[in-house]
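Each remark here refers to the structure printed beneath this line.
Have a look at this one:
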């Protein structure tokens with residue numbers, strides 16, 4: 053039934069022929085990728101997954117397409133208009149007014165009014181198609197290369213071709229399953245150029261403010277399709293991606309080329325962040341594992357987080373203050389650019405999924421139970 | 170009671186030879202009949218003693234309501250949600266991380282394991298191996314029982330216990346948020362698989378008290394035991410029925426005192442009590458033979474039967490004394506009393522019975538049982554108190570003191586009646602009417618707060634300060650749990666219950682409900698799926714979402730609790746935990762569900778209301794609010810019709826029914842002000858109150874009419890009515906009031922509510938008939954015309 057609505061002309065025709073039929077509700081629920089997020093008073097108390105500053109404004113995103121914003125440092129919150137009701141996993145504002153949010157169903161949303169209203173730019177159907185198109189293109193390239201290639205290279209090319217064909221089959225299968233894979237983080241270098249990373253190696257780039265997104269997953273060495281959990285730019289301009297199974301990638305040329313770094317850890321990294329100092333970077337994840345590098349990831353030092361709670365997100369501040377948060381209510385605060393941390397477990401032990409340093413030095417925590425404001429150390433006010 | 174025939178009858182009553190057939194049969198075979206009574210009483214009494222308490226859940230609910238039909242259709246699949254016991258073991262000082270506490274908990278946990286009726290495989294406590302901690306590590310999941318290996322009560326092992334508890338995610342469900350108590354959760358077998366016996370709630374509840382609370386809680390000042398669960402509640406209820414025995418004794422004692430004060434004769438005191446008790450035994454015996462048990466509602470009917478029996482017995486004692494005072498011997502006095510009273514007595518009882526039978530319109534079995542029990546009781550009274558009573562009196566006679574008391578009819582005794590006869594005075598009557606109008610106004614004003622359903626927190630059947638409700642309060646405030654659950658059943662085709670489309674709709678419904686005032690939280694297979702999907706992704710909340718990938722959904726619900734999905738996967742429930750079970754809360758939540766279902770039709774699934782205690786209450790409320798007006802209409806229609814048939818006068822009907830209506834309105838206002846809702850327990854009271862209350866008016870009016878027909882002026886006629894019938898009526902009102910008064914102290918909340926309301930209605934109906942009826946008569950009746958008409962009829966007859 054649904055596919056016939058894809059083409060506007062068909063839609064028009066069908067509606068004009070059977071107006072009465074379509075006035076009565078023909079099927080149950082709108083797809084979560086098309087259903088606007090429901091108005092609710094509970095968004096600030098429900099699961100929130102990320103928070104970002106849009107100039108003076110604070111914008112947080114969470115489950116069921118919730119986006120809320122506050123103009124008074126997190127006291128009062130207003131729910132934004134969002135055209136989807138999937139969980140949104142990350143939000144990023146490169147400028148005061150332009151921001152992007154990503155989420156499940158590989159959704160990418162854009163706001164040009166500092167987070168009040170949002171428009172859909174990309175979703176899992178497009179993502180799957182994008183991956184298929186690219187596979188087909190590379191198969192075509194390989195096939196033509198194979199024809200003209202010398203005998204010595206043929207075996208190698210055939211292997212590559214076979215691999216590419218498997219890849220195509222995989223992505224065709226994914227497309228059949230539907231838009232099921234989430235995007236997990238987003239980064240914009242300016243209001244035109246941005247990256248979105250996600251599950252099973254999803255990696256997309258835009259160069260036109262999100263009007264078009266293209267698959268760049270072939271730029272990194274992630275053949276197994278591990279989750280890419282986080283992407284961040286550190287002081288000095290390098291960009292880091294942290295992922296499942298200890299994956300860490302770095303780009304020194306604004307994302308055109310990437311190197312896979314030797315990882316200090318086999319478990320998953322859920323976040324990466326700068327420290328405020330040039331070329332310094334933190335990666336962190338499962339069971340309190342936290343590593344710091346002052347040489348763009350060439351060497352890593354393990355930082356004792358004094359806890360086994362999984363670390364999810366971090367924010368760095370120009371004054372050398374870094375806050376890392378995670379499951380079971382863990383809040384780590386460093387005053388020395390990440391060389392050492394003080395840990396606090398929140399009383400309610402609920403997961404903290406992201407954090408923002410407020411103007412008065414307090415912390416705005418978002419997580420399992422919505423918004424919470426704590427003192428600078430993470431303890432209750 | 171009067172009809173033209175009956176009035177005529179009074180004339181030949183005074184000629185000793187005119188014996189009605191029935192009287193001749195009864196009094197000429199006194200001995201044979203008494204022996205028959207003896208055998209019948211022995212037989213029925215034997216059965217009465219065998220009657221069993223029965224608090225069957227199904228009888229309390231409206232079985233024909235669609236919610237209940239849906240619930241019963243799915244009852245096997247919902248079973249796993251249902252019958253369980255939660256025992257919170259709390260420490261007074263300190264927290265649970267002490268060697269002593271853990272040792273006590275272990276003992277209690279073992280004790281529960283051995284308790285018959287407990288489904289051992291589902292038993293959960295910190296000490297059972299199924300309570301585990303789980304952690305995500307680089308290699309995958311790691312876990313173990315929360316009690317650490319080699320636990321020895323040392324500080325180290327208690328500390329690792331604390332860590333394990335934190336990792337186990339049991340804080341809020343099995344361990345209190347403040348670490349001052351933990352819960353032992355025990356699912357119960359409805360039918361014991363070993364013995365095939367149904368669970369004996371009373372025995373189980375008593376065993377919990379003896380083996381857990383008395384053994385561990387009471388001797389140890391630092392340990393408190395809190396027990397909740399359906400089985401415990403029902404056990405407490407059944408135990409509550411037991412305290413009724415004491416109320417019965419008190420009622421009998423109080424009645425004896427009143428009777429003696431009224432008759433001043435031991436025979437006149439104890440014979441009515443004896444015959445009324447016989448009536449009670451007969452009633453219970455017959456119910457037993459008909460296959461009924463005695464539930465917490467119908468246990469009150471014997472009190473009513475006793476009180477009605479007494480009030481009719483009084484009439485006989487009174488009449489015996491009057492006849493004996495005229496110099497007749499015991500036998501003749503008894504015969505004359507029988508002759509005068511069997512027709513009005515029977516008519517009054519029949520009108521009571523018809524009043525009760527209107528309860529049959531309500532589609533809730535306990536109420537219907539109540540109607541049957543009361544109907545049987547009233548029928549029995551006709552035999553015991555109208556036949557047995559005069560028969561016994563014919564042997565024993567009335568004492569001299571009793572006769573003297575009747576003869577002693579000086580002006581002194583009459584002064585109060587003289588004073589009260591002014592209620593019919595032309596200048597007092599308008600004031601009375603004004604007050605009545607005011608009463609109606611105030612009643613209607615205050616009645617607007619009247620609510621349907623149960624209004625209190627906790628188990629509404631028990632008092633707010635009952636042990637059970639205090640335990641309930643403790644557990645609710647220390648754990649993330651709610652006692653009020655609405656279950657929406659989601660039906661699909663086989664193996665389709667976890668399809669993404671179905672689950673997505675359930676998720677939407679849950680969120681809609683969570684946004685509905687009154688809903689605290691929701692749970693379903695979707696909740697499990699999201700949680701497990703998150704857990705399988707290393708505990709990252711970014712994955713807390715219903716996946717569109719069916720294989721991810723399938724693996725996420727593999728180990729879902731059995732209550733959340735049935736074996737065929739064609740039914741899965743959505744649970745909404747509510748903040749309370751007030752009627753408005755339920756109404757709003759039900760409306761939200763119905764709106765959602767209406768707006769999201771689908772061929773793939775059906776969302777069906779409504780199981781859980783909240784679903785049952787919502788259904789009951791709907792049935793009750795629909796039945797309430799219809800039942801009131803029927804009761805008043807029946808009563809008015811009966812009055813009209815008897816008196817052939819609309820004016821008479823108005824005189825008799827208006828005081829009843831005033832009482833009904835005031836009673837509803839009283840309910841609103843006392844916070845008593847209209848519910849299974851209180852709805853029958855309205856019918857019972859009107860049905861029994863109408864007797865007063867009928868007695869008073871009968872006498873008044875007769876005197877007016879004889880040509881007496883209104884006030885004089887009313888004075889005469891008061892000092893004879895009025896006296897009996899006021900005594901009856903007090904006796905009935907006393908009969909139900911003791912219920913007010915029942916440990917069962919709804920019995921107390923019924924007691925308050927019946928007491929109010931019995932007393933007020935009596936007051937209304939004595940005070941308001943004559944005022945209405947002043948305006949409505951035409952004594953001249955009535956006398957003239959009576960003369961004309963008599964002339965015609967001659």
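Protein chains in written order, with the working numbering: chain V, 53 to 433; chain U, 170 to 967.
For each residue, glycine too, the CB sits at the ideal point set by N, CA and C.
Item: So does the segment 631 to 642 of chain U actually touch the segment 854 to 870 of chain U, counting three or more Cβ pairs closer than 8 Å?; Value: no
Item: Does the Cβ of residue 341 of chain U lie closer than 6 Å to at least one heavy atom of the ligand FMN?; Value: For the ligand FMN, the structure offers nothing, since it holds no ligand at all.
Item: Counting only beta-carbon atoms, is residue 431 of chain V nearer than 7 Å to chain U?; Value: no
Item: Interface residues of chain U around residue 231 of chain V at Cβ under 8 Å?; Value: 717
Item: Should residue 969 of chain U be labelled buried (16 or more other beta-carbon atoms within 10 Å of its own) or exposed?; Value: No information on residue 969 of chain U is available, as it lies outside the stretch 170 to 967 that chain U covers here.
Item: Under 8 Å by Cβ, that's how I've got residue 544 of chain U and residue 522 of chain U pegged, so tell me the actual separation to the nearest angstrom.; Value: 5 Å
Item: According to DSSP, simplified to helix, strand and coil, what is residue 205 of chain U?; Value: helix
Item: For residue 511 of chain U, which residues in the same chain have their Cβ closer than 6 Å to its Cβ, ignoring the five residues on either side in sequence?; Value: 555
Item: Tell me which residues of the segment 136 to 156 of chain V have at least one Cβ-Cβ distance to chain U shorter than 9 Å, keeping chain order.; Value: 137, 138, 139, 141, 142, 155 and 156
Item: Using a Cβ-Cβ distance under 7 Å, would residue 422 of chain V count as near chain U?; Value: no
Item: Under the assumption that residue 609 of chain U contacts residue 801 of chain U (Cβ atoms under 8 Å), give the Cβ distance between them as a whole number of angstroms.; Value: Incorrect: roughly 15 Å between the Cβ atoms, too far for contact.
Item: In terms of alpha-carbon separation, which member of U:231, U:339 and U:950 lies closest to residue 794 of chain U?; Value: U:231
Item: Of all the residues that make up the segment 327 to 342 of chain U, which are near chain V by a beta-carbon distance shorter than 9 Å?; Value: 335, 336 and 340
Item: My parser needs the alpha helix (DSSP H) runs of 4 or more residues fully inside the segment 790 to 871 of chain U; what are they?; Value: 819 to 843
Item: Within the same chain, show all residues whose beta-carbon is closer than 7 Å to that of residue 393 of chain U, passing over the 5 residues directly before and after it, in chain order.; Value: 259, 261 and 386
Item: Compile a chain-ordered list of the residues in the segment 673 to 700 of chain U whose CB is closer than 8 Å to at least one CB of chain V.; Value: 673, 674, 677, 680, 681, 683 and 684
Item: Looking only at DSSP bridge pairs, what is residue 740 of chain U linked to?; Value: U:660
Item: Residues of chain V with CB closer than 8 Å to the CB of residue 968 of chain U, please, in chain order.; Value: Nothing about residue 968 of chain U can be read from this structure; chain U reaches only from 170 to 967.
Item: Nearest to residue 537 of chain U by alpha carbon, out of U:571, U:467, U:596 and U:595?; Value: U:467
Item: Can you list, in chain order, the residues of its chain with a C-beta nearer than 6 Å to that of residue 137 of chain V? Leave out the 5 residues immediately preceding and following it.; Value: 84, 87, 89, 116 and 117
Item: Would you mind reading off the limits of the beta strand (DSSP E) that contains residue 779 of chain U?; Value: 774 to 780
Item: Which chain V residues are close to residue 765 of chain U, counting only those with a beta carbon under 9 Å from its beta carbon?; Value: Chain V residues near residue 765 of chain U: none, gap ~10 Å exceeds 9 Å.
Item: Measure from the C-beta of residue 403 of chain V to each C-beta in chain U and report whether the shortest distance is under 7 Å.; Value: yes
Item: Which residues mark the beginning and the end of the alpha helix (DSSP H) in which residue 265 of chain V is found?; Value: Looking at the DSSP string, residue 265 of chain V is not in any alpha helix (DSSP H); the run it does join, the beta strand (DSSP E), is 265 to 267.
Item: Is the CB of residue 177 of chain V under 7 Å away from at least one CB in chain U?; Value: no
Item: Less than 7 Å between CB atoms is the rule here; does residue 417 of chain V satisfy it with respect to chain U?; Value: no
Item: For residue 497 of chain U, name the three-state secondary structure that DSSP assigns.; Value: coil
Item: Looking at the strands, I want to know which residues DSSP matches up with residue 222 of chain U.; Value: U:463
Item: Where does the unbroken alpha helix (DSSP H) through residue 591 of chain U begin, and where does it stop?; Value: Residue 591 of chain U -> no alpha helix (DSSP H), and no H or E assigned at all.
Item: Between residue 708 of chain U and chain V, is the shortest Cβ-Cβ distance under 7 Å, so that the two count as touching?; Value: yes
Item: What residue does the alpha helix (DSSP H) around residue 208 of chain V start on, and which one ends it?; Value: 203 to 229
Item: Can you check whether the CB of residue 396 of chain V is closer than 7 Å to the CB of residue 431 of chain V?; Value: yes
Item: Using 7 Å as the limit for Cβ to Cβ distance, is residue 349 of chain U near chain B?; Value: No chain B is part of this structure, whose protein chains are labelled V and U.
Item: Can you list the residues of chain U that residue 322 of chain V reaches, using a CB-CB cut of under 9 Å?; Value: 707, 709 and 711
Item: Taking 7 Å as the CB-CB cut-off, is residue 235 of chain V touching chain U?; Value: no
Item: Using 8 Å as the threshold, is the segment 132 to 147 of chain V in touch with the segment 195 to 214 of chain V, meaning 3 or more CB pairs across them?; Value: no
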